[in-house]
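Contents: one structure, followed by commentary.
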Amino acid sequence: MIVGGAENFTYFGKNVALEGMYTSCGAQLIASQGEATVDDSAGSGGTASSATAQSASKRMLSRPDSMFNDKFQLRDEDDLPLANAEYTIFRADGSKESGKTDGSGHTHMIDDHKAAEIVAIHIGDFDD
């Protein structure tokens, strides 16, 4: 779950998540497509509404006993969950975890680990 979003920029009625924003597990988003640029700073006379999300994420990350884990919901181009889809998660340490999404398109829960990491998810049946 994304902790914050750019309230001044929406896509299909939802606030857009930007690079540098945090997920509920403390992972920081890294842009990978670069198809748009959004200025989420306050305009003249405005206030930055992401302050609450940033404050919450800083509190989460400042906990020394924090553990990170998450599962992902895979969706198709029409934003529908990919139920019973085969996938492979490539972890930062080089390990791979494969599985099949549940009826709601969710992957399995990635094991607890002490540092946030970047993962890649490939959808489909891959031998290697």
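Following full-length UniProt numbering, the numbering of the sequence shown begins with 1 at its first residue and continues without gaps. Glycine included, each C-beta is placed from N, C-alpha and C at the ideal position.
Secondary structure of E77 (DSSP, three-state): coil.
Relative to A83, the option among R75, I89, F90 whose CA is nearest is R75. Non-local beta-carbon contacts of D125 in its own chain, meaning distances under 8 Å to residues more than five positions away in sequence, involve E86 in chain order. When the beta-carbon positions are compared, I89 and K96 come within less than 8 Å of each other. Among the bridge pairs identified by DSSP, I118 is matched with none. Judged by DSSP secondary structure, G99 falls within the beta strand (DSSP E) whose first and last residues are 96-100.
In this structure, the alpha-carbon of A116 lies about 27 Å from that of G103. The bridge partners DSSP lists for I123 are Y87.
Beta-bridge partners of H106 (DSSP): Q73. Taken atom to atom, the span from the alpha-carbon of T107 to that of A17 is near 21 Å.
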